[in-house]
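What follows is one structure encoded as structure tokens, with my remarks underneath.
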Amino acid sequence: AGSSYVETHLSNGQNSIVFVMLKAATFAAGVYIILAGVQIVLDEIVPAFKGISEKLVKNARPALDAPMTFGFAPNAVLIGFLASFFGGLLGMTFMAILGTTIIIPGIVAHFMAGGAAGVFGNGQGGIRGCLTASFINGLFITFLPLFLLPVLGNLGSANSTYSDADYGVFGVILGHVNIVGGRTVLISVILIALILFYSVSILMNKRDSNNFEKVEEIK
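According to our numbering, the sequence shown is numbered sequentially starting from 994.
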């Protein structure tokens, strides 16, 4: 698999070196566009949302995707991506050795989730935290789909799955609940989880409001 393979099967006859350089430039441009978009959202969209939320929905918070964190530590994003992807390759190697279903690492998933893990890991533990968090994320999004495939029904039989770790964790739990208890038990578990989630959210908001009032009294 050398330059001849690249020119025959990947680049449609284009010189392999030029092809690689163009792909690298495309990736770099894509990363820059993401970071520029993140900065625009943080500088323009979020303040605008705050003004709307104060009039329409009091104490509302904007729900932002993981790339919104990239602008706080751009270097940690790339380091996290590489560490996460390495974890994915290592996990794929173990799967091949063990003879299980092989989960091929997805570049987009490792860049988005691995980059975000790198940012948070860097904030908590520096470069070591960045590498550790991203590497563990890479293992998670590689091995979790292995346990998720059997509970996906027709989608699972097509050898298709989602790579995000949160989808894998909740998918495995809810999938096995559905297998053991059926649809009624599954719906009941989801409803109970929603009730608990909103109950905790309401209690935390009340606690924050009480703390704010106490601070005002002290002042």
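Ideal placement from N, C-alpha and C gives every residue a C-beta, glycine not left out. The model shown is predicted, which means the values in this text are computed figures rather than measured ones.
Which of helix, strand or coil does DSSP assign to V1034?
The residue labelled residue 1034 in the question sits at position 41 within the sequence shown. Helix, per DSSP.
So what's Y1155 in DSSP terms, helix, strand or just coil?
The count along the sequence shown starts at 1 and reaches residue 1155 at position 162. It is coil, neither helix nor strand.
Below 8 angstroms, how does it come out for the segment 1100 to 1113 and the segment 1050 to 1060: are there three or more Cβ pairs, yes or no? Yes, they touch.
**Request:** With DSSP as the reference, label K1051 as helix, strand or coil.
**Result:** Indexing the sequence shown from 1 puts residue 1051 at position 58. Three-state result, K1051: coil.
Item to check | Bounding residues of the alpha helix (DSSP H) (the contiguous stretch that carries Q1007) | outcome: Taking the sequence shown and counting its residues from 1, the one referred to as residue 1007 is at position 14. Looking at the DSSP string, Q1007 is not in any alpha helix (DSSP H), and its letter there is neither H nor E.
Among I1026, A1053 and I1027, which one has its Cα closest to the Cα of V1039? On the sequence shown, position 46 is the one that residue 1039 refers to. Among I1026, A1053 and I1027, the Cα nearest to that of V1039 belongs to A1053.
- Which value, in whole angstroms, describes the spacing of the CA atoms of L1179 and G1146? Working through the sequence shown from its first residue, we reach residue 1179 at position 186. Working through the sequence shown from its first residue, we reach residue 1146 at position 153. If you take the alpha carbons of L1179 and G1146, they lie about 15 angstroms apart.
Whose C-beta lies closer than 7 angstroms to the C-beta of I1095 among residues of the same chain, with five residues either side of it excluded?
Counting from one through the sequence shown, the residue named residue 1095 turns up at place 102. Taken in chain order, the residues that qualify are M1085, M1088 and A1089.
TODO: Please state whether DSSP places G1099 in a helix, a strand or coil.
DONE: Mapped onto the sequence shown, residue 1099 falls at position 106. Shown here, G1099 sits in coil according to DSSP, grouped into three states, outside any helix or strand.
* Verify whether the separation of the beta carbon atoms of S1077 and N1130 is less than 7 angstroms. => Position 84 of the sequence shown, counted from the start, is the residue given in the question as residue 1077. Position 137 of the sequence shown, counted from the start, is the residue given in the question as residue 1130. A contact, by the Cβ cut-off of 7 angstroms.
| Helix, strand or coil: how does DSSP classify L1214 here? | Any property of residue 1214 remains undetermined from this structure, which presents the chain solely from 994 to 1212.
Would a C-beta distance cut-off of 7 angstroms place A1126 and G1114 closer than the cut-off? Start at 1 with the first residue of the sequence shown, and residue 1126 comes out as number 133. Start at 1 with the first residue of the sequence shown, and residue 1114 comes out as number 121. In this structure, A1126 sits near G1114, with a CB-CB distance shorter than 7 angstroms.
- Rank F1133, V1101 and A1021 by C-alpha distance to the C-alpha of G1080 and give the top, closest one. As a working mapping, residue 1080 is identified with position 87 in the sequence shown. Selected option, being the one with the closest Cα: F1133.
Find out if the Cβ-Cβ distance for the pair G1161, L1137 is shorter than 7 angstroms.
Counted from its first residue, the sequence shown places residue 1161 at position 168. Counted from its first residue, the sequence shown places residue 1137 at position 144. Taking 7 angstroms as the Cβ cut-off, G1161 and L1137 qualify as a contacting pair.
**Request:** Give the straight-line distance between the Cα atoms of T1062 and V1031, rounded to the nearest whole angstrom.
**Result:** Here residue 1062 refers to the residue found at position 69 of the sequence shown. Here residue 1031 refers to the residue found at position 38 of the sequence shown. About 8 angstroms.
message: Looking only at its chain, what residues have a beta carbon closer than 6 angstroms to the beta carbon of V1013, apart from the 5 residues adjacent to it on each side?
response: Locating residue 1013 in the sequence shown gives position 20, counting from the first residue. Answer for V1013: no residue qualifies.
Discussion item. By the DSSP assignment, the alpha helix (DSSP H) with G1073 in it spans what residues?
Written reply: Working through the sequence shown from its first residue, we reach residue 1073 at position 80. P1067 to L1091 is the span of the alpha helix (DSSP H), which, as asked, contains G1073.
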